[in-house]
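Residue numbers (full-length UniProt numbering): 1 to 187.
Shown next, in structure tokens, is the structure this report addresses.
Here it is as structure tokens:
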């Protein structure tokens, strides 16, 4: 083999064999093997041996979300985000009992607090409705009192006018009486 020809061939620019799947790598032929060890567009078997083949760039997503060999912790709804194989999950459950108990308690406390807040909000609404109803009734009473006050003021003015008229008539009568008394004294 001619070393010069080999060097010339290895210096040729090539594209990744996975360019049809979307890889944009382009470099010298001598870099191909190094690239293929890390190329995200190479199909690889699942690292948990579930039997599926996925693109290297999608392996993390596969293991985290769809691999049948991975399960979530049974305390997921309480806030435990652990995922693992059956063996990892068994170890996790054995080592995390206190954490799970704490998560369960926090979850229950949160549910009770939420329920209490809902009841408190309902009572606040009920109290506001009662307050509004009371304010409306108070306003109606104020209006009624205002009408009675106006009626009484009108009656008072009429009575006052009548008293003044009677006082005037009394005054006139007293003056006439004085006049009559003065005439009797002369007679």
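Ideal placement from N, C-alpha and C gives every residue a C-beta, glycine not left out.
- No residue range can be given for residue 24, since it is assigned to no alpha helix (DSSP H) and is classified by DSSP as neither H nor E.
- Nearest C-alpha to residue 62 among 74, 45, 152, 169: 45.
- Taking the Cα positions, residue 153 is about 12 angstroms away from residue 161.
- Using a 10 angstroms sphere on the CB of residue 54, the tally of other CB atoms reaches 16 or more, which defines it as buried.
- Between residue 79 and the set 177, 86, 108, the nearest pair of CA atoms involves 108.
- In this structure, the alpha-carbon of residue 66 lies about 13 angstroms from that of residue 47.
- In the structure shown, residue 41 falls within a coil segment according to DSSP collapsed to helix, strand and coil.
- By the C-beta density criterion, residue 59 is buried, having at least 16 other C-beta atoms within 10 angstroms.
- In chain order, 80 place their CB closer than 8 angstroms to the CB of residue 99, counting only its own chain and leaving out the 5 sequence neighbours on each side.
- Closest in alpha carbon position to residue 84, among 93, 174, 72, is 72.
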